[in-house]
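Q: Quick one: structure below, then a few questions.
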Amino acid sequence: MRRGLMAWDAAELPIEVIQARQVKLRSIMKSHRLDAFIAYTNISHPAAVSWISGFTPYWSEGVYCVMPEGTPAFATALSKRVAEWIGTVMPIGEVIPTPAPGTAIGKRLAASGARRVGIVDLDDVPARQARAILAEVEGLELVDSTDAFNTIRCDVDNAERALTARAAAIALSAMQAADWKAVCMQALIAPCEVHARRAAAEDIFLSVAPNLAANGRFQRTDTATTLESAFALRMSLAYKGAWVRVIQSHTRDALLAAKFASAQTAFNELMPSGDLEAQTRKAFEAVGAKLTSWFIEQPRGSSPLVAVAGSSMSTSTYRAGAPATLNVECDIDGWRWLASRPFA
Amino acid sequence: MPSATHKARLAALSETMKAQNVDVFLVIGNNWHADYLRYATDFGIQEGQGIALVRADGSTTLMLDDPTECERARAEISGCDVQYAPQLVKEARAQLMRSGNRNVAASPMHLLPYGLVNAESDVRFADGAPVIERLLMTKMEVELDCIRRASKLCDEGYIVFRDAARPGRKDYELVAEMEGFFRAHGIAENFMIIGVGGKEVRGMAPPGGKVLKAGDLVTTELSPCVDGYYAQVCRTLVVGQASETQLKAFSVYQEALEAGIKTVKAGVTAADVARAENDVFRKYGLGQYTTSEYTRVRGHGMGLFLDQKPQILEDVDIELVDGMTMIVHPNTYHPDAGYMVLGDAMVVRPGGHELLCGLPRDLFSVSAH
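Right, dumping it as structure tokens:
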């Protein structure tokens, strides 16, 4: 559940930016012969509605609908009082508080005469909502338009770049606030969390790989406590809908620490372009680290960050120029070393 | 080996699956609704989405669409075959198809993906509510232990919240203090909303950047989660000395909470508790403030989901039974003072209740300087 700062600031996300995104959406509606476009949102699938409208839910679910003209509608299962709050944090959209969002949007579609409607991530949308929409309009066709949406979604505007940069800055400074001398996970992450939320993070998920000698699996503090001699801290952080991930590894072994630090410096200085794998491998080799695996994440459809390319993926949908997170695993003198950071 | 809590849950689930003649029980979850997935697999999902298939013989497959979550599940839980499934819905559908045409139930139905039910297959999903709803509402002793520990952290947490509240602080900075406190105590999840201001405030929401000032009412509900189980507490404080008007208004909430709590025992309905709370408001001519125009519910169940059944409303006739856990909270708007909250958590018992909250039911106040 989101519980950090949730506010719309016109200086950060001008209404004209949202309008421009909706113009792009309407252009693909036209080129794909769609009478309307729908996106579903909840806490785990907020990205599409967040991009189209500037709004992220802290709880519950909703359906956002853009017609060829007029103000888009957002039907949500939240109460009338919460709808008033949504009105203050969603720059464009008429809020419809209703126990049945799908039905409310279906009625709007029926009134508009829509017959062919695009939708993001159709397979993942709760059947209750999709069926409610279909039930309101005889012969309505729901078309999975995720690929079409992703083409405009990857065309990143300056507002998104700035929000992502702010998220990255908060995440990196929060990493510095972690108590790296701590012997237990709780003590390691608590100051990190406080720092990030004081700096206005909308949400933050922290987990720790407590023993890099054993494996690189991250755990939450409710299932593990002790930090071994080498460990890694992972942070997923959102600032006003823009998500980033950061991972940093740490060791108490002085000799190894110097090598970890060199690898981190090489990673920080990496400016990915062209053949990413070759470039990354070379950068790490120069400091005695062997790249064992890597992957890149970017926003796609309704998911904030999804693996789009990597050493274990046969195809790549990575879009250069759009905000991305690079995740790597290296071998340093037989020790696992993990890192992740955002880049554009 | 599965934890003691999970072992007990699996045994209970297996029994109800048998009673309902269910061969495969499909549960879906995400960070909003993690409860069903947690019950069946013990995994507290944080990012992405997950689907688990629990079979009658107890074998369970957990599919997750996030690779890091998948590795976390492998580290944190046992007794499940954990699989990375970037095409989650397609993979779940394929596994169901491979298992043949059997009696499949699913929960929660409101999250069941369109891609599962719209496939060209002969898999039909029965509503899994009869299999799991009662289990989620009525807790076993091992589950109650978790909720008791969470309640203790509610009490301690509220003191941290109160001490952090002072003029000049932003609402999200208060949340930061709380989250730091909970993380330091190993609590990975918490739900909290907040209200700051005067009579213009109509409810609680996520923090929006408001700065606390003298005279403000600060409302919050804290809901830390221990081993998947949430407890909750609701309290109100005033920045500075509470006014006579604020104190008089708050006394209605104190009386309503007491009336609601007195009513709680096995055998009464959720409606009985709501009526007891609302009657106090009606007695003072404040009946309209008990309606959905001003308030959502007068309390609710809590457990693996923090806002689970039964919702405490005058039209909910669910009978309270021994072992249910709930919060009674007559939170609403008061025309003279603004939005106020007050709520205590408890376990339903045959002759009454076991109160979990140890905080005074006061209108707290903090220094305005």
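Same order as they appear, the protein sequences are chains A and B.
First residue of the first sequence? That's 0 in numbering that gives the first Met the number 0, and the numbers climb one at a time after it.
First residue of the second sequence? That's 0 in numbering that gives the first Met the number 0, and the numbers climb one at a time after it.
No residue lacks a Cβ here, since even glycine has one placed at the ideal position from N, Cα and C.
Are at least three pairs of beta-carbons, each pair with one atom in the region 256 to 270 of chain B and one in the region 337 to 357 of chain B, less than 8 Å apart?
A: Touching, yes, given that three or more Cβ pairs across the two stretches are closer than 8 Å.
Q: Give every residue of the same chain whose Cβ lies closer than 8 Å to the Cβ of P45 of chain A, excluding the five residues on either side of it in the sequence, and list them in chain order.
A: Residue mapping note: residue 45 of chain A aligns to position 46 of the first sequence, counting from 1. Counting only Cβ-Cβ distances below 8 Å, and skipping sequence neighbours, we find T55, P56, G240, S301, P303.
Q: Relative to the C-alpha of N214 of chain A, which residue among B:V122, B:D321, B:E75 is closest?
A: Start at 1 with the first residue of the first sequence, and residue 214 of chain A comes out as number 215. Comparing Cα-Cα distances from N214 of chain A to each of B:V122, B:D321, B:E75, the minimum goes to B:E75.
Q: Determine whether the Cβ of M108 of chain B lies closer than 8 Å to any Cβ atom of chain A.
A: Position 109 of the second sequence, counting from 1, holds the residue named residue 108 of chain B. It does; some Cβ of chain A falls within 8 Å.
Q: Can you give the Cα-Cα distance for I50 of chain B and M62 of chain B, rounded to whole angstroms?
A: The residue labelled residue 50 of chain B in the question sits at position 51 within the second sequence. The residue labelled residue 62 of chain B in the question sits at position 63 within the second sequence. Each residue's alpha carbon lies about 5 Å from the other.
Q: To be precise: take each residue of the region 31 to 42 of chain A, compare its Cβ to all Cβ atoms of chain B, and keep it if any distance is under 8 Å. Which residues remain?
A: Within the region 31 to 42 of chain A, the qualifying residues are N41, I42.
Q: From what residue to what residue does the alpha helix (DSSP H) around Y157 of chain B run?
A: For this step, residue 157 of chain B is matched to residue 158 along the second sequence. First-last of the alpha helix (DSSP H) with Y157 of chain B: 140 to 163.
Q: Tell me, please, which residues DSSP counts as bridged to F283 of chain A.
A: The count along the first sequence starts at 1 and reaches residue 283 of chain A at position 284. Bridge partners of F283 of chain A: none, in fact.
Q: Which ranges would you report for the alpha helix (DSSP H) in the region 83 to 147 of chain A if only whole runs of at least 4 residues count?
A: Those alpha helix (DSSP H) runs which fall completely within the region 83 to 147 of chain A and span 4+ residues are 100 to 111, 126 to 135.
Q: For S339 of chain A, is the classification buried or exposed, using 16 other Cβ atoms within 10 angstroms of its Cβ as the cut-off for buried?
A: For this step, residue 339 of chain A is matched to residue 340 along the first sequence. Flag for S339 of chain A reads buried.
Q: Opposite A229 of chain A in the DSSP bridges: which residues?
A: For the purposes of this step, residue 229 of chain A is taken as the residue at position 230 of the first sequence. Answer by DSSP bridge pairing, in chain order: A:T250.
Q: Using DSSP bridges, identify the partner residues of F24 of chain B.
A: In the second sequence, residue 24 of chain B corresponds to position 25, counting from 1. Answer is B:V53, B:A104, bridged to F24 of chain B.
Q: On the DSSP letters alone, give me the boundaries of the alpha helix (DSSP H) that S222 of chain B sits inside.
A: Stepping through the second sequence from its first residue, residue 222 of chain B is reached at position 223. Segment 216 to 225 is the beta strand (DSSP E) holding S222 of chain B; no alpha helix (DSSP H) there.
Q: Beta strand (DSSP E) containing R340 of chain A: first to last residue?
A: Residue mapping note: residue 340 of chain A aligns to position 341 of the first sequence, counting from 1. Looking at the DSSP string, the run of the beta strand (DSSP E) that includes R340 of chain A is 334 to 342.
Q: Could you work out which residues of chain B lie near G364 of chain A, taking near to mean beta carbons separated by less than 9 Å?
A: Chain A is shown only over 0 to 343; residue 364 of chain A falls outside these bounds and no answer can be derived.
Q: At a Cβ threshold of 8 Å, is H184 of chain B touching chain A?
A: By 1-based counting over the second sequence, the position of residue 184 of chain B is 185. For H184 of chain B, the answer is yes, since a Cβ of chain A falls inside 8 Å of its Cβ.
Q: Please list, in chain order, all residues of the same chain as V182 of chain A whose beta carbon is under 8 Å from its beta carbon, the five residues on each side excluded.
A: Within the first sequence, numbered from 1, the residue matching residue 182 of chain A stands at position 183. If we look at V182 of chain A and ignore the five residues flanking it on each side, its Cβ neighbours are T225, L226.
Q: I want to verify the contact list: residues of chain A whose CB lies under 7 Å from the CB of S77 of chain B, in sequence order.
A: Residue 77 of chain B sits at position 78 when you count from the first residue of the second sequence. Simply none; closest approach about 11 Å.
Q: Mind listing which residues of the region 110 to 143 of chain B have their C-beta closer than 8 Å to chain A's C-betas, in chain order?
A: Listed in sequence order: L110, L111, P112, Y113, G114, L115, V116, N117.
Q: Can A183 of chain B and A189 of chain A be called in contact, C-beta distance under 8 Å?
A: The residue you call residue 183 of chain B lines up with position 184 of the second sequence. The residue you call residue 189 of chain A lines up with position 190 of the first sequence. Closer than 8 Å, so yes.
Q: Compare the beta carbon distance of L358 of chain B and D34 of chain B with 8 Å and say whether it is the shorter of the two.
A: Here residue 358 of chain B refers to the residue found at position 359 when the second sequence is read from its first residue. Here residue 34 of chain B refers to the residue found at position 35 when the second sequence is read from its first residue. For L358 of chain B and D34 of chain B, no; Cβs fall outside 8 Å.
Q: Consider the Cβ of T67 of chain B: report whether some Cβ of chain A lies at a distance smaller than 8 Å.
A: Position 68 of the second sequence holds residue 67 of chain B. Chain A contact via Cβ: present.
Q: In chain order, what are the residue ranges of uninterrupted alpha helix (DSSP H) at least 4 long that sit wholly in the region 170 to 249 of chain B?
A: Taking only runs of at least 4 residues, the alpha helix (DSSP H) segments lying wholly in the region 170 to 249 of chain B are 170 to 183.
Q: Return the chain-ordered ranges of every beta strand (DSSP E) run that is complete within the region 26 to 75 of chain A and spans a minimum of 3 residues.
A: The region 26 to 75 of chain A contains these whole beta strand (DSSP E) runs: 35 to 40, 61 to 65, 72 to 75.
Q: List, in order along the chain, the chain A residues whose C-beta lies closer than 8 Å to that of M345 of chain B?
A: The residue given as residue 345 of chain B occupies position 346 in the second sequence. The premise fails here: M345 of chain B is roughly 23 Å from chain A at the closest Cβ pair, so nothing lies under 8 Å.
Q: Could you name the residues that DSSP lists as bridge partners for M345 of chain B?
A: Translated into the one-based positions of the second sequence, residue 345 of chain B becomes position 346. BP columns for M345 of chain B point to B:M325, B:L354.
Q: Counting only beta-carbon atoms, is F230 of chain A nearer than 8 Å to chain B?
A: The count along the first sequence starts at 1 and reaches residue 230 of chain A at position 231. So no, F230 of chain A is outside the interface.
Q: With contact counted as at least three CB pairs below 8 Å, one residue from each stretch, are the region 238 to 257 of chain B and the region 170 to 181 of chain B in contact?
A: Contact between the region 238 to 257 of chain B and the region 170 to 181 of chain B is absent, because fewer than three Cβ pairs lie under 8 Å.
Q: Return helix, strand or coil for K289 of chain A, following the three-state DSSP convention.
A: Taking the first sequence and counting its residues from 1, the one referred to as residue 289 of chain A is at position 290. K289 of chain A falls in the strand class under three-state DSSP.
Q: To the nearest angstrom, report how far apart A131 of chain A and L110 of chain B are at their CA atoms.
A: Reading the first sequence from its first residue, position 132 is the one you call residue 131 of chain A. Reading the second sequence from its first residue, position 111 is the one you call residue 110 of chain B. Whole-angstrom Cα-Cα distance: 13 Å.
Q: Establish whether the CB of N330 of chain B and some CB of chain A are separated by less than 8 Å.
A: As a position in the second sequence, residue 330 of chain B is number 331, starting the count at 1. No, no contact with chain A.
Q: Which word fits R253 of chain A, buried or exposed, when buried means at least 16 other C-beta atoms lie within 10 angstroms of its C-beta?
A: Taking the first sequence and counting its residues from 1, the one referred to as residue 253 of chain A is at position 254. Sequence inspection shows Ala at residue 253 of chain A; the Arg mentioned does not correspond to that position. So A253 of chain A ends up on the exposed side.
Q: Between Y338 of chain B and G194 of chain B, how many whole angstroms is the CB-CB distance? I'm expecting something under 8 Å.
A: The sequence position of residue 338 of chain B within the second sequence is 339, counting from 1. The sequence position of residue 194 of chain B within the second sequence is 195, counting from 1. Going by Cβ atoms, the distance from Y338 of chain B to G194 of chain B rounds to 5 Å, so yes, they are a contact pair.
Q: Should T220 of chain A be flagged as near chain B, meaning a C-beta pair shorter than 8 Å?
A: The count along the first sequence starts at 1 and reaches residue 220 of chain A at position 221. Judged by the 8 Å Cβ criterion, T220 of chain A is in contact with chain B.
Q: Tell me, to the nearest whole angstrom, how far the beta carbon of R360 of chain B is from that of P329 of chain B; I am working on the premise that it is less than 8 Å.
A: One-based indexing of the second sequence puts residue 360 of chain B at position 361. One-based indexing of the second sequence puts residue 329 of chain B at position 330. With a Cβ gap of about 11 Å, R360 of chain B and P329 of chain B do not count as contacting.
Q: Could you please give the first and the last residue of the uninterrupted beta strand (DSSP E) stretch that includes M96 of chain B?
A: Taking the first residue of the second sequence as 1, we reach residue 96 of chain B at position 97. Per DSSP, M96 of chain B belongs to no beta strand (DSSP E); it is in the alpha helix (DSSP H), 87 to 97.
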